[in-house]
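Enquirer: A single structure is presented below for examination.
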Amino acid sequence: MLSQKSVLIVSFIIVISIVMTSGCTFDMKNLINQNNNSKADIIQYTVNIDSSNNNSYHVNGMVENRAAQNYSSVNLTVTGYNAKKEAISKTKITLPKVPAHDYTDYDAWLTSSSGEKISTATVEFINGTKG
């Protein structure tokens, strides 16, 4: 019978293998500076971009609510940029709620109609309901 330590090591290796073969990537260049100086209540905290088939990109990360009140029905614009920092794709998403002084995950899909790679992305707060 395997020891508990051996089981943990084997489990960790299996998880890493699954993540590596799934095509998921983590690129430190895609993370946004967490020292965001924006005055907005809802700001982008992190972003990660995973490429998919047919010039589609899964963009996910977290937004931060810096306000003392909860937000609901939060509308955001997610914009994808090429290596030249030109906007090449954009979509709008809605988050059901973002609690006060907390973080909420977001997911969006961007499509590059020109076939250019989306190398960075931003999330901008449009509006939401306070309270």
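Residue numbers are given in our numbering: position 52 of the sequence shown equals residue 57, and the series is strictly consecutive.
Backbone N, C-alpha and C fix where the C-beta goes; we use that ideal spot for every residue, glycine too.
Remember, predicted model here, so these are calculated numbers, not experimental data.
What residues in its chain sit with their C-beta under 7 Å from that of G120, if we drop five residues either side in the sequence?
Expert: Only N60 meet the Cβ criterion.
Enquirer: Buried or exposed, going by whether 16 or more other CB atoms sit within 10 Å of the CB of E69?
Expert: buried
Enquirer: Give the single residue among L81, G85, Y108, Y111 whose Cα lies nearest to the Cα of I123.
Expert: G85
Enquirer: May I ask you to report which of helix, strand or coil DSSP gives I123?
Expert: coil
Enquirer: Start and end of the beta strand (DSSP E) containing H63?
Expert: 61-70
Enquirer: Helix or strand or just coil, what does DSSP make of Q150?
Expert: The displayed coordinates of the chain run from 6 to 136. Any statement about residue 150 would go beyond what the structure contains.
Enquirer: Assign S136 to buried or exposed, taking buried as 16 or more other Cβ atoms, counted over all protein chains shown, within 10 Å of its Cβ.
Expert: The identity of residue 136 in the sequence shown is Gly, whereas the question assumes Ser. G136 comes out exposed.
Enquirer: Can you tell me whether K10 is helix, strand or coil according to DSSP?
Expert: Three-state result, K10: helix.
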